[in-house]
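K.L.:
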Amino acid sequence: MSALHPHLRRLWRAITTPRILLSLVLCALLIYLVGVPLLRIAWATITWHPEDARVARGFEEGALTMFHWKRTFLGTVSNELVYRPFLNTVVTSAGATLLALLIGCPLAWLLTRTDLPGRRLLGGLITIPFILPSWTIALAWLVFFRNSRLGGAGGLFEYLTGVATPNWLAYGPVPIVIAMGLHYYAFTFILVSGALASVDSHLEESGEILGANRWKILKKITLPLVLPAILSAFILTFSRSLGTFGTPIFLGRPVGYYTLATTLYNNLRMGFKASAYILAVVLVVLSALTIYGNQRLIGTRKSFVTISGRGLRVRLTPLRGWRYPLLILVLAFVLVCVVVPLLLLVWQSLMLEETNYSLGNLSLHYWISEGGNRRYAEGEAGLLRSWLVLGAAKNSIALSVITAGLVGLLGLLLGYAIVKGRGTRLSRALEQISFLPYLVPSIAFGAVYIAMFASPLGPIPALYGTFALLVLVCVAKNLPFSSRTGVSSMLQVGQELEEAAVVAGASWTARFRRIIVPLTLSGFVAGFLLTFISTIRDLSLIILLVTPSTRVLPSLIFRYNEQGFTQFANGIVIILVALSLAGQWLIRKIGKKEATQ
Amino acid sequence: MRRIELRNVSKRFGKVVAVNDLSLVIEPGSFLTVLGPSGCGKTTVLRMVAGLEDPDCGEILIDGRPIFSHQQGIHVPPSRRGLGLVFQSYALWPHMTVFENVAFGLELAHLPAQEISRRVAQALSDLQLAGMEGRYPQEMSGGQQQRVALARMLAPRPGIFLLDEPLSNLDARLRMDMRSELKRLHRDTGATVVYVTHDQIEALTLSTHVAVMKEGVLEQLAPPDVVYRRPATVFVADFIGTPKMNLLPAAVRGQGEAAVLDFGAFTLCYPGPPALERVIVGIRPESIMLYLEPQQGAVEFETYSVLPAGAELIVNVRRGDLMLTIRETRPMTIEMDRKIWLSFVPATFNLYDPVTSRLLTDGSGGPVP
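Going line by line, the protein sequences match chains A and B.
Numbering follows my numbering, in which position 415 of the first sequence is assigned residue number 539; successive positions increment by one, without gaps.
Numbering follows my numbering, in which position 278 of the second sequence is assigned residue number 497; successive positions increment by one, without gaps.
(1) Could you tell me which residues DSSP puts in a beta bridge with E531(B)?
(2) Quick one: is E204(A) near chain B, going by C-beta distance under 7 angstroms?
(3) Unbroken alpha helix (DSSP H) runs of length 4 or more, entirely within the stretch 187-247 of chain A: which are they?
(4) Would you mind telling me which residues of chain B sit closer than 7 angstroms to I639(A), beta carbon to beta carbon, in chain order?
(5) Ignoring anything shorter than 3 residues, give me the beta strand (DSSP E) runs that lie fully in the stretch 563-630 of chain A, in order along the chain.
(6) Nearest chain B C-beta to V626(A) closer than 7 angstroms, yes or no?
(7) If the cut-off is 9 angstroms on Cβ atoms, which residues from the stretch 411-435 of chain B count as contacting chain A, listed in chain order?
(8) Nearest chain B C-beta to P130(A) closer than 7 angstroms, yes or no?
(9) Residues of the stretch 641-654 of chain A with a CB closer than 8 angstroms to any CB of chain B: list them in chain order, please.
(10) What residue from I302(A), A501(A), L550(A) has the CA that sits closest to Y684(A)'s CA?
(11) Spatial neighbours of M372(B) within its chain, please: C-beta separation below 6 angstroms, excluding the five flanking residues on both sides.
(12) Per DSSP, M432(B) is paired with what?
(13) What are the residues of the stretch 273-302 of chain B that lie near chain E, defined by any Cβ-Cβ distance shorter than 9 angstroms?
(14) Got a sec? Which residues, its chain only, sit under 7 angstroms from A553(A) by beta carbon, not counting five neighbours each side?
(15) Would you say F482(B) reaches chain A, if we count a Cβ-Cβ gap shorter than 7 angstroms as a contact?
(16) Answer yes or no: do I666(A) and L587(A) have a C-beta to C-beta separation smaller than 7 angstroms?
(17) Give the residues of chain B in contact with W629(A), contact being defined as C-beta atoms less than 7 angstroms apart.
(18) With 9 angstroms as the limit, tell me which residues of the stretch 175-188 of chain A have their beta carbon closer than that to any beta carbon of chain B; keep them in chain order.
(19) If you compare alpha carbons, which of Y389(A), L621(A), V670(A) is closest to L596(A)?
(20) Around the Cβ of I335(B), are there at least 16 other Cβ atoms within 10 angstroms (buried) or fewer (exposed)?
(21) Mind pulling the chain A residues with CB within less than 8 angstroms of S308(B)?
(22) Does DSSP put D383(B) in a helix, a strand or coil?
(23) Provide the residue span of the beta strand (DSSP E) that contains I279(B), from first to last.
(24) Within the continuous alpha helix (DSSP H) that includes M397(B), where are the two ends?
(25) Between the alpha carbons of G589(A) and L512(A), how many angstroms are there, rounded?
(26) Are the CB atoms of V453(B) and L570(B) within a distance shorter than 7 angstroms?
(27) Who are the near neighbours of A310(A) in its chain, counting only those whose CB is closer than 6 angstroms to its CB and skipping five residues on each side?
(28) List the residues of chain B that A634(A) touches, going by C-beta distances under 9 angstroms, in chain order.
(29) At a cut-off of 6 angstroms, is D481(B) close to the ligand FAD when judged by its beta-carbon and the heavy atoms of the ligand?
(30) Can you check which of these residues, G491(B), Q364(B), V412(B), is closest to L393(B) by C-alpha distance?
(31) Based on Cα-Cα distance, which residue from Q419(B), H289(B), P493(B), L480(B) lies nearest to D457(B)?
(32) Using only alpha-carbon positions, find the residue among P161(A), G445(A), R195(A), L249(A) that is nearest to P580(A).
(33) Run through chain A and tell me which residues come within less than 8 angstroms of L271(B), C-beta to C-beta.
(34) Within 10 angstroms of its Cβ, does H405(B) collect 16 or more other Cβ (buried), or is it exposed?
(35) Quick one: is L346(B) near chain A, going by C-beta distance under 7 angstroms?
(36) What does R133(A) reach in chain B if we use C-beta pairs closer than 7 angstroms?
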């Protein structure tokens, strides 16, 4: 070293500074996980593939072409391929988002700013859909409203009334909007109540002193203050529902109602890769535009939502005589959209014959039978004895635990690199790239990963069909979330705490192990928990990437539903929910133990 | 006993120049206070010596050996510079007990366990913290946390102490106590101390040398009494001392023995002034004599406000547009809006060049260090 030129020495020192080194490695990793896949999918839409022999002649594989774009947007199938699904996507997403807002906002107000009894408990109950798979309601809906008009068994409604449910109520846009809305309202609720809780009552009281009545205060002071949050909730919910796969496939497919996500899936299944990739690009663009619009629209107004945390006081609006009627209303709501769906699923999984909802038909057959009776589910063994279910459960747990662990670790490292490098270009680059997956709807992200990993790229082997690919896609999709939690927990650790260790002679690894990690542990546990929950129930992201050997519970549910083994499908939903709850309980317990040590 | 030297050190953060071409020698065993308003670059100086920040150019030497050199590309890591650092926030690790906090550096140095407990016990008892080994920092008072931070710095026995505003988070009484402890600590260890503060009382009471900084530039480096009596620049004169030094623009009339300083509202004889037409005259509030009755050679003023403060009395007086502050230590009562008479001792005046703001040392009459 001493013989080197001072310039080289300085450069060497700059590069080997742990923060810089870490940032460079992370940057490379992010580019590989996010940047390259996005470029590769775009590239795949403008080149020829061997499969294209079915729709075109005389092309040179790998050569550039606009054929796919022309076929998708201007061809004879364009209407079916892109325009109708596009319209359906926008309609269902917007409808679901509106419904979510209509439910979520009043609930948020009731639970944060009024004296409704039992608010804490209610808050817990209301956010339960957040931890359920997004298509739970869809499956429960089918149990209740399914009709026999399209062949197959009728639902509970038909059993009770003897009238076949009309198609518009059983399938298609109406139930899709309702099922998605009843899931996403929890998301809106969390966003809006966060904003509402941060509005200082002093602001409202000032209005009151000046003579405004309660309604006027709500309208003129509180609402404008949380309006940006509501807008933001609208946009975020909308962009989330764009890429939802489960609900539209379960409720839309029976009547041929397809969204971009489900069309994408169908195209990929039929081997029209290029069209699928184009749909993915369309989804990405749609979602990116929405979020960009959100930034433009409220980017500047947002500033006044963040109200100083100090001396924050929230005065609760008395509901007076409305307290108990409203409480009953909220409880009824929880009952209808959380308890009843789960009960319906349990009930249905216990029904030996598909159409008979009577008590006498209840049996544990689909749970514990040894199989072999071809009369029921073609002789497959009960859920609790099935190797298929066991394998999928193992995969699900492994996938969510490994993903959550990696996301937590990556979040810590990203948080460290971003916070310590604040103001540098490298730090900004990291922050921006790690935000990119946010713009890519789940199903499109899956498609992007197929484009990336179906064939080897340089030294990287083709990962398609491996468990590693599932982990990779889940980790990458969670990047925006992990970097954000990483940054916020790293901000809690004062710069000087680490510097004191530098002066004491601690190497970078020693600092990370003995100072940074212990001090950010609670943030890590919280991040782990959320990633675990969102990964274990995810279908949209992994549906395109699972293969029989890497099957997870949600994909198994999807398969059984396709085969018409609804008892199995619904039973697995229950298993999934139980696993998710048990996992959360365990993580909380371990986290608490670690934190107290 | 360690000698620290900074040679032409500069540091900028983005467009802000935090330290501008600073050269400074800190003699072995001295207690140097770096003093200045917030944002003057004093903490940056400390962090560069510690090795937490690299200068953009220049060199830093300890005992003549470069520990940082931009030209040669040398950077010795902080832990191998043989120094201890106390942060303004104390930076005690909240997940470690007092013992673990103090032992951390010793563990990293791979000292045997026995030696570690011996040294930790020693450091803690030196700072009257014996028996608190098992506590967590957040269970202690601010003063105790401060002591833990000091103990953590002392335990590895560094030859250089770097202290970044260590007392600024304590209340006034505790601060007084800690000052005396720090002075004792310096005496007993013989370490070279660099102490950063914006509190001039701390600087004057603790140090053997004071370095006053302004906007990244060293304004004066001198023993505290010199900094107080003969501030090298108008900035230092204005910054040091409470109440502040009176700084009055004046015209110089006449030459030699017959020279007169014309303040506008009044004039004073001033033998042997510099060859300048205008000067700024600095007069310490305590060097003005105050009389309640007319005196020979005294100038008549009117009291504007009178602020008793126990041991002393601060009197603001005016004559025309001219305002002056006087510190009176004799017990007396003075009403507001009454006539009083002031007499001046020109030998205590500091004259400054209004253009360069520097102290004029030629013929200013007083003893120049």
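For each residue, glycine too, the CB sits at the ideal point set by N, CA and C.
This structure is a prediction, so every number in the text was calculated from the model and none was measured.
P.N.:
This is what the structure holds:
(1) Numbered from its first residue, the second sequence carries residue 531(B) at position 312. Its beta-bridge partners are A528(B).
(2) Position 80 of the first sequence, counted from the start, is the residue given in the question as residue 204(A). No, its Cβ sits nowhere closer than 7 angstroms to a Cβ of chain B.
(3) Counting whole runs of 4 or more residues, the stretch 187-247 of chain A contains the alpha helix (DSSP H) stretches 191-198, 208-237.
(4) Residue numbering aside, residue 639(A) sits at position 515 when the first sequence is read from its first letter. Per Cβ cutoff of 7 angstroms: W312.
(5) none
(6) Within the first sequence, the letter at position 502 stands for residue 626(A). Interface residue, yes.
(7) none
(8) As a first step, residue 130(A) is located in the first sequence; it is residue number 6 there, counting from the start. Chain B contact via Cβ: present.
(9) P642, L643
(10) As a working note, residue 684(A) is residue 560 in the first sequence. Here the closest residue by C-alpha is A501(A).
(11) Here residue 372(B) is taken as the residue at index 153 of the second sequence, counted from 1. Closer than 6 angstroms at Cβ, skipping near neighbours: G303, V305.
(12) Here the question's residue 432(B) lines up with position 213 in the second sequence. According to DSSP, which records beta bridges pairwise, M432(B) is partnered with L437(B).
(13) Protein chains A and B are contained in the structure displayed, whereas chain E is not.
(14) Within the first sequence, residue 553(A) is the residue found at index 429, counting from 1. So the list reads C151, once near-sequence residues are dropped.
(15) By one-based count along the second sequence, residue 482(B) stands at place 263. Taking Cβ atoms only, chain A never reaches closer than 7 angstroms to F482(B), which makes this a no.
(16) Locating residue 666(A) in the first sequence gives position 542, where the first residue counts as 1. Locating residue 587(A) in the first sequence gives position 463, where the first residue counts as 1. The answer is no: Cβ separation not under 7 angstroms.
(17) Mapped onto the first sequence, residue 629(A) falls at position 505. According to the sequence provided, residue 629(A) is Gly. The question's Trp does not apply to it. Residues of chain B passing the Cβ test: S298, G324, L327, A328.
(18) Answer in chain order: no residues at all.
(19) Residue numbering aside, residue 596(A) sits at position 472 when the first sequence is read from its first letter. Measuring from the Cα of L596(A), the nearest candidate turns out to be V670(A).
(20) Sequence index remark: in the second sequence, residue 335(B) carries index 116 (1-based). Buried: at least 16 other Cβ atoms inside 10 Å.
(21) Mapped onto the second sequence, residue 308(B) falls at position 89. Here the neighbours are G618, E620.
(22) For the purposes of this step, residue 383(B) is taken as the residue at position 164 of the second sequence. Three-state result, D383(B): strand.
(23) As a working mapping, residue 279(B) is identified with position 60 in the second sequence. 276-281 is the span of the beta strand (DSSP E), which, as asked, contains I279(B).
(24) By one-based count along the second sequence, residue 397(B) stands at place 178. M397(B) -> alpha helix (DSSP H) spans 391-408.
(25) Taking the first sequence and counting its residues from 1, one reaches residue 589(A) at position 465. Taking the first sequence and counting its residues from 1, one reaches residue 512(A) at position 388. If you take the alpha carbons of G589(A) and L512(A), they lie about 17 angstroms apart.
(26) To locate residue 570(B), count along the second sequence from 1; it is residue 351. To locate residue 453(B), count along the second sequence from 1; it is residue 234. Not closer than 7 angstroms, so no.
(27) For the purposes of this step, residue 310(A) is taken as residue 186 along the first sequence, with counting starting at 1. Here the set comprises T251, P253, F254.
(28) Numbered from 1 along the first sequence, position 510 holds the residue referred to as residue 634(A). Chain B residues near A634(A): L327.
(29) With respect to the ligand FAD, the structure offers nothing, as it holds no ligand at all.
(30) Your numbering for residue 393(B) matches position 174 in the second sequence. Closest by alpha carbon: Q364(B).
(31) The residue labelled residue 457(B) in the question sits at position 238 within the second sequence. Answer by Cα proximity: Q419(B).
(32) As a first step, residue 580(A) is located in the first sequence; it is residue number 456 there, counting from the start. Sorting P161(A), G445(A), R195(A), L249(A) by C-alpha distance to the C-alpha of P580(A) places P161(A) at the top.
(33) In the second sequence, residue 271(B) corresponds to position 52, counting from 1. Correct list: E623, V626, V627.
(34) Position 186 of the second sequence, counted from the first residue, corresponds to residue 405(B). Classification of H405(B): buried, given that the 10 Å Cβ count is 16 or more.
(35) On the second sequence, position 127 is the one that residue 346(B) refers to. For L346(B), the answer is no, since every Cβ of chain A falls outside 7 angstroms of its Cβ.
(36) To locate residue 133(A), count along the first sequence from 1; it is residue 9. Ordered by position in chain B, the residues that pass the 7 angstroms Cβ test against R133(A) are G292.
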